[in-house]
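Just so you know, the protein sequences line up as chains A and B, in that order.
Numbering of the first sequence is given in the numbering used here, commencing with residue 1 and proceeding in unit increments.
Numbering of the second sequence is given in the numbering used here, commencing with residue 1001 and proceeding in unit increments.
Cβ coordinates follow ideal geometry from the N, Cα and C atoms, glycine included.
To start, the structure itself, in structure tokens.
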Amino acid sequence: MKIICLVKFIPDVENMQFDHKKNVLMREQAKLTINPDDETAIAAALKIKERAPETLVEIITMGPKVVMRKFQDLLRRDVDKGILISDPLYVGSDTYATSRILGKYLKTRKADYIFTGTHSLDGDTSHVPAQIAEILGSCHMNNVITLDIDQLFQGTALLRVNNEGNTLQFQMNPPGIISFEKSREYKMPYIRYGDFQRDVSDKMEILTNQDLGLKEEEVGLAGSLTEVSRTFMKEIAQKDSITVKNDEEGIEAVYQFLKEKGYV
Amino acid sequence: MKKCLIYVENENAQDAVDLIEAVDHLYGRENAMVFGFGCLESLKNGEGFFDVLIPGETEKSLEYDVKNITNCMEALHQAYGFDSILIPANYVGRMLAPRLSMRLNTGLTADVTAIESDGDNIELIRPAYSGKLMAAIKNRGGNPLMMSVRQKVFQWEKPRAAKSEWRGFSFDTIEEPEIKFIGIEKQEAVEDIRESEVLVAGGGGSAGYFKELKDLAKALNGQVAASRKIVDREIAPRSIQVGQSGKTISPKLYIAIGISGAIQHIEGLKTPDHIIAVNKNSRAPICSIADLVVVGDGKEFIRKLLQRIYGDTEHTKYNE
Chain A
1 MKIICLVKFI
11 PDVENMQFDH
21 KKNVLMREQA
31 KLTINPDDET
41 AIAAALKIKE
51 RAPETLVEII
61 TMGPKVVMRK
71 FQDLLRRDVD
81 KGILISDPLY
91 VGSDTYATSR
101 ILGKYLKTRK
111 ADYIFTGTHS
121 LDGDTSHVPA
131 QIAEILGSCH
141 MNNVITLDID
151 QLFQGTALLR
161 VNNEGNTLQF
171 QMNPPGIISF
181 EKSREYKMPY
191 IRYGDFQRDV
201 SDKMEILTNQ
211 DLGLKEEEVG
221 LAGSLTEVSR
231 TFMKEIAQKD
241 SITVKNDEEG
251 IEAVYQFLKE
261 KGYV
Chain B
1001 MKKCLIYVEN
1011 ENAQDAVDLI
1021 EAVDHLYGRE
1031 NAMVFGFGCL
1041 ESLKNGEGFF
1051 DVLIPGETEK
1061 SLEYDVKNIT
1071 NCMEALHQAY
1081 GFDSILIPAN
1091 YVGRMLAPRL
1101 SMRLNTGLTA
1111 DVTAIESDGD
1121 NIELIRPAYS
1131 GKLMAAIKNR
1141 GGNPLMMSVR
1151 QKVFQWEKPR
1161 AAKSEWRGFS
1171 FDTIEEPEIK
1181 FIGIEKQEAV
1191 EDIRESEVLV
1201 AGGGGSAGYF
1211 KELKDLAKAL
1221 NGQVAASRKI
1231 VDREIAPRSI
1241 QVGQSGKTIS
1251 PKLYIAIGIS
1261 GAIQHIEGLK
1271 TPDHIIAVNK
1281 NSRAPICSIA
1291 DLVVVGDGKE
1301 FIRKLLQRIY
1311 GDTEHTKYNE
């Protein structure tokens, strides 16, 4: 069985910078962290590998080379291979162009399943997994919380999916894309003591556009089908607020307000 | 006359009807011919709202089968050449919209919250970078313009108009499904915060006493909601999250306890009639949109207000 995991490193959402002139995110400066849903996807793949060690787990990420250190930490787990797709030409790609780039590589790889996260904390569009599914012609499922590992080795993926608090069950035939949401079921294993500094360069490969061979007009801002034409701070209609303290008088004011409007 | 296609998801037909308001913002309702596509049963709810209704082949055969729904909508686009395709960002819609946009080689803007349009020059507005900014997005691809929209962001409140025209369409690109829906394992009677007129919501500041919000919600006949900080810390489920990455709500009364009011949160508040903000910091952004600001500790606020609501003697629980 071969599983490819697609992983995104996202800027620390609380402290990120934005280049207002170019309308792009200044990823190079931002502190990066692995997207939580994607971490669940890797953890699920590694759990399968723990059960069946012959399973091959490959991780792919796309981004600037600064992700390398974090990426290597992932490879210090029981991961077989890591691919970093990185090229300055790719900066500014929208989800469409990003999916084209990843899809170009994935078309050359054979895998039984591709694992991804459902949401990313930064963009939160959930576009890329579904778009890659379309490029590869495979089926796809979002919000997966668990999959049945025994069933997986019987030839189909039995998936439990969270839809607004309801749990639905699906059966998926390979090859397919399974997008996880953060779940307690799959926890990323720790790096073994002694592996913290392990050299993992033999597991890692960096691919640039020279390797993928996309045309310049197919990637980056040029290859994007959507464009941010401007950004602005939202103006919020302010109200003339009444401010009170959390004392008897203040609580009375709240109570009278609720009473006047008919809530109590 | 512009032609627009709206996907009508099973069991969520109202969300599709609400997207007619988005069409109105794009071109003006009277300048557009609005098509609805979905399963027969669910399309019936669109009668009188859509101009044309085109049911999928059989009633439920396409349920959750995103690949085949994509095949059908691609066939419809080839036949009609839509100017825009709008998809509710529900469970199926979130998988369908990106897949269809890739199939049609057109740009897709997710979670649109506003539209600025003079008919030809169209900007789709969505929060970006975790809601720190709003971004205006332009489609650089050709037709159709595609967008997904979360529930309740737009609301179509006009009454049913003339009768819809039902059209048959022979879909000959339906393939053997690769995904089989087995069933619903657990259907919790989850209360939908979007349906509640009163919401008592807790943010990061309420982490230590979040459970107690329920008592206040109960006293006011409402439900509990949460900000992203509380959901990220796994104190509350995502299903009750308010904001850009959660739900858009329009209650009558919103009590925000320990919520600072980041844009991404405010984005989820669709014109509540009344907002009460309880915060230790009177400069928190939420305070400037509140009718009433209580400066202080949320836990103490809940206890004191419950005492006042229930009276001092009847509910000793709050008098200890």
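Query: With a threshold of 16 other CB atoms inside 10 Å of the CB of A:S179, please say whether the residue is buried or exposed.; Result: buried
Query: If you run the structure through DSSP and keep just helix, strand and coil, what is A:T98?; Result: helix
Query: At which residues does the beta strand (DSSP E) containing A:A157 begin and terminate?; Result: A157 to N163
Query: Using a Cβ cut-off of 8 Å, which residues of the stretch 223-245 of chain A contact any Cβ in chain B, in chain order?; Result: S224, L225, T226, E227, V228, S229, R230, T231, F232, M233, K234, I236, A237, Q238, K239, S241, I242, T243, V244 and K245
Query: Between B:M1073 and chain A, is there a C-beta pair that is closer than 8 Å?; Result: no
Query: Which of the three DSSP states, helix, strand or coil, is assigned to B:N1319?; Result: Summary for B:N1319: the model assigns pLDDT 46, below 50, so the residue's position carries little reliability; its value from the coordinates is reported in the next sentence. If DSSP states are grouped into helix, strand and coil, B:N1319 belongs with the helices.
Query: For B:F1181, which three-state DSSP category applies?; Result: strand
Query: B:G1296 versus chain A: which residues are under 7 Å apart at the beta carbon?; Result: K245 and N246
Query: Counting only beta-carbon separations shorter than 8 Å, does B:N1319 have a partner in chain A?; Result: Here the model assigns B:N1319 a pLDDT of 46, short of 50, so the residue's position is not dependable and the matter cannot be decided.
Query: Quick one, which of B:A1128, B:I1054, B:I1276 and B:S1239 has its alpha-carbon nearest A:K234's?; Result: B:A1128
Query: Quick check on A:R100: buried or exposed, where buried means 16 or more other Cβ atoms within 10 Å of its Cβ?; Result: buried
Query: Given a cut-off of 8 Å, decide if A:I83 and A:A133 are closer than it, judged by their beta-carbon atoms.; Result: no
Query: Hey, quick one: how far does the alpha helix (DSSP H) through A:R51 stretch, first residue to last?; Result: P36 to R51
Query: Assuming contact is defined by CB atoms lying nearer than 8 Å, are A:Y255 and B:I1309 in contact in what I supplied?; Result: yes
Query: Where does A:T118 sit, in a helix, a strand or coil, going by DSSP?; Result: coil
Query: Taking the DSSP output, what are the residues bridged to A:Q171?; Result: A:L158 and B:K1180
Query: Give the DSSP-derived three-state secondary structure of A:L212 in the structure shown.; Result: helix
Query: Do you know offhand how far A:K182's Cα is from A:G117's?; Result: 8 Å
Query: Thinking B:N1068 and B:I1174 are a contact (beta carbons under 8 Å), I'd like their distance in whole angstroms, please.; Result: 5 Å
Query: From B:F1181 to A:N166, what distance separates their C-alpha atoms?; Result: 14 Å
Query: Note the first and the last residue of the continuous beta strand (DSSP E) segment covering A:R192.; Result: Counting along the chain, A:R192 falls outside any beta strand (DSSP E), and DSSP gives it neither H nor E.
Query: For A:A43 versus A:S224, is the C-beta distance shorter than 8 Å?; Result: no
Query: By the criterion of Cβ-Cβ separation under 7 Å, what are the contact partners of B:V1198 in chain A?; Result: Y263
Query: Let me confirm a value: A:D199 is counted as buried when at least 16 other C-beta atoms fall within 10 Å, else exposed. Which label applies?; Result: exposed
Query: Would B:Y1091 count as contacting chain A if we go by Cβ distances under 8 Å?; Result: yes
Query: I want to know whether the stretch 1258-1278 of chain B touches the stretch 1159-1177 of chain B - three or more CB-CB distances under 8 Å.; Result: no
Query: Within its chain, find whatever has a CB closer than 7 Å to the CB of B:A1013; leave out the 5 residues flanking it on each side and keep chain order.; Result: S1042, N1045 and G1046
Query: What in chain B is Cβ-close to A:G176, meaning under 8 Å?; Result: E1178 and I1179
Query: Would you please verify whether the beta carbon of B:T1106 is less than 8 Å from any beta carbon of chain A?; Result: yes
Query: May I ask you to list the residues that DSSP assigns as paired with B:R1126?; Result: B:A1135
Query: Please list the segments of the beta strand (DSSP E) lying wholly inside the stretch 1060-1088 of chain B, counting only runs of 3 or more residues, in order along the chain.; Result: 1084-1088
Query: Go ahead and label B:N1319 buried or exposed: buried means 16 or more other beta carbons lie within 10 angstroms of its beta carbon, across all protein chains shown.; Result: Residue confidence for B:N1319 is low, a pLDDT of 46 falling below 50, so the modelled location carries little weight; the figure read from the coordinates is stated next. By the 10 Å Cβ count, B:N1319 comes out exposed.
Query: For the stretch 126-144 of chain A, list every residue whose C-beta sits within 9 Å of some C-beta in chain B, in sequence order.; Result: S126, H127, V128, P129, A130, Q131, I132, A133, E134, I135, G137, S138, C139, H140, M141, N142 and N143
Query: Check B:Y1007 in the structure and name its three-state DSSP category.; Result: strand
Query: So is B:N1012 in contact with chain A if we call contact Cβ pairs under 8 Å?; Result: no
Query: In terms of alpha-carbon separation, which member of B:R1094, B:N1281 and B:V1017 lies closest to B:S1164?; Result: B:V1017
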